[in-house]
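To keep things clear, I will list the structure first and then write my remarks on it.
Residue numbers (the working numbering), protein chains in the order written: chain A, 1 to 183; chain B, 184 to 366.
Below, the structure is given as structure tokens:
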């Protein structure tokens, strides 16, 4: 897969067969995407559910999906970006798409489980989460998740493969819940 | 759960319900076990299989199990340790045992999946893996995994709940395979 949004990086990761079960790389010192790790956490998303839209003001996300299949959609709304307005869809998960996805600050993203079982994301962002009121811009609008940019001009229907009833049940507003990471 | 081996630490981690699936903490800056992260990788272990025995000379392991149930057995053979000779068994996995297990250098350990599905370990060791010939002390002896200390005096039958046929198939010697982490 090739990145179509400036500064979004996608790097294949190794899955090494060993007796009893594989070893899967994520952050390796020799990797060009290795750097400071501010925290490590997991986010599980159930089939038929969407977690969206998220946009971090300062934190860079680094995602790998060791379990399940993740469909993640990114949207570039940065005024200075040469790829402003572009949408990028990425599948993450074994065996064909086990990769590290790096999302820079101020790029919007949302995700769902693409398979029949929950997908588990491991995130190793570069700086620690700083919880400030109003600083996490997470919102969801409508049954079929759509994105609106900060000025309200752009609305993009995405996740068309997601069951609407499931989305209706699961994709409620998640901003402001105590303890969930964000910057 | 309480640690019975000196310097082994076990810390409950938060599982935060959110719409669409939980967020699970692992390494958090406010945690007493937070520190330098040398690399991040996953190790999957299938039911009926054992990965053992491992002992790192310099690297401290930090394990969390976001998926599946892990039974891990530790054995202290450090001559200077006040808990030398002790065995410690730990269960890791949601919902009751979602925790961070820190294993200091020179403590032996081995693990298996305690449930009917594979268990996935995420490891965030403190220093990066340095691959040197002979530096990874990983071995397994016999069908029912046993441990022998470096002087050959102690043999401990463990993992008694593991299906022997599976152990026979899976728990072959894994040392020296290129690319698998270890120090």
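We treat Cβ as the ideally placed atom computed from N, Cα and C, and that holds for glycine. For clarity, every value in this text was computed on a predicted model and none was experimentally measured.
9 angstroms or more divides the Cβ of residue 284/B from the Cβ of residue 252/B. Listed along chain B is no residue with a C-beta nearer than 7 angstroms to that of residue 115/A; the closest approach is about 13 angstroms.
Measuring C-alpha to C-alpha distances from residue 19/A to each of 188/B, 193/B, 221/B, 228/B identifies 228/B as the nearest.
Contacts with chain A at 9 angstroms (Cβ-Cβ) do not include residue 276/B. Residues of chain B with a Cβ closer than 7 angstroms to the Cβ of residue 41/A are, in chain order, 206, 207, 208, 209. Contact between residue 295/B and residue 232/B is confirmed by a C-beta separation of about 6 angstroms, below the 8 angstroms threshold. At a beta-carbon threshold of 9 angstroms, the residues of chain B lying near residue 51/A are 201, 202, 203, 204, ordered along the chain.
Nearest to residue 27/A by alpha-carbon distance, out of 66/A, 81/A, 53/A, 57/A, is 66/A.
Contact between residue 269/B and residue 279/B does not hold, since the beta-carbon distance rounds to 23 angstroms and is not under 8 angstroms. Rounded to whole angstroms, residue 33/A and residue 11/A show a C-alpha spacing of 8 angstroms.
Apart from sequence neighbours up to five positions away, the residues of its chain that approach residue 40/A with a beta-carbon distance below 8 angstroms are 122, 123, 124, ordered along the chain. In the DSSP assignment, residue 286/B is bridged to 244/B.
In this structure, residue 7/A keeps its C-beta atom at 9 angstroms or more from the C-beta atom of residue 62/A. Taking a C-beta distance under 9 angstroms as the contact criterion, residue 43/A and residue 276/B do not qualify as a contact pair.
Straight-line measurement puts the Cα of residue 51/A at about 21 angstroms from the Cα of residue 78/A. If you draw a straight line from the Cα of residue 241/B to the Cα of residue 288/B, it comes to about 5 angstroms. Taking residue 115/A as the centre and dropping the five residues before and after it, the same chain places the C-beta of 47, 68, 69, 93 closer than 8 angstroms to its C-beta, in chain order.
For residue 266/B, same chain residues with a beta-carbon under 6 angstroms away, outside a window of 5 residues either side, are 188, 189, 259 in chain order. Around the C-beta of residue 30/A, fewer than 16 other C-beta atoms lie within 10 Å, and the residue is accordingly described as exposed.
DSSP, reduced to helix, strand and coil, places residue 110/A within a strand of the structure shown. With 16 or more other Cβ atoms from the protein chains shown falling within 10 Å of its own Cβ, residue 301/B counts as buried. Interface criterion met: the Cβ of residue 37/A is under 9 angstroms from a Cβ in chain B. With distances taken between CA atoms, residue 103/A lies nearest to 74/A out of 74/A, 23/A, 36/A.
Cβ contact annotation for residue 25/A (same chain, cutoff 6 angstroms, sequence separation greater than five): 13, 14, in chain order. Residue ranges of uninterrupted beta strand (DSSP E) with 3 or more members, entirely inside the stretch 2-50 of chain A and ordered along the chain, are 9-12, 23-27, 40-45.
Between the alpha carbons of residue 199/B and residue 281/B lies a distance of about 11 angstroms.
Where residue 76/A is concerned, the enclosing beta strand (DSSP E) starts and stops at 70-76. Within chain A, the residues 29 have their CB atoms less than 7 angstroms from the CB of residue 311/B, given in chain order. For residue 192/B, there are no C-beta contacts with chain A under 7 angstroms, since the nearest C-beta of that chain is about 16 angstroms from it. Judged by DSSP secondary structure, residue 122/A falls within the beta strand (DSSP E) whose first and last residues are 119-123. Distance from the Cα of residue 255/B is smallest, within the candidate group 290/B, 206/B, 218/B, 264/B, for 290/B. By the criterion of a C-beta distance shorter than 7 angstroms, residue 81/A is surrounded in its chain by 6, once the five residues flanking it on both sides are discounted.
In terms of beta-carbon proximity, residue 303/B lines the interface with chain A, with at least one pair separated by less than 9 angstroms.
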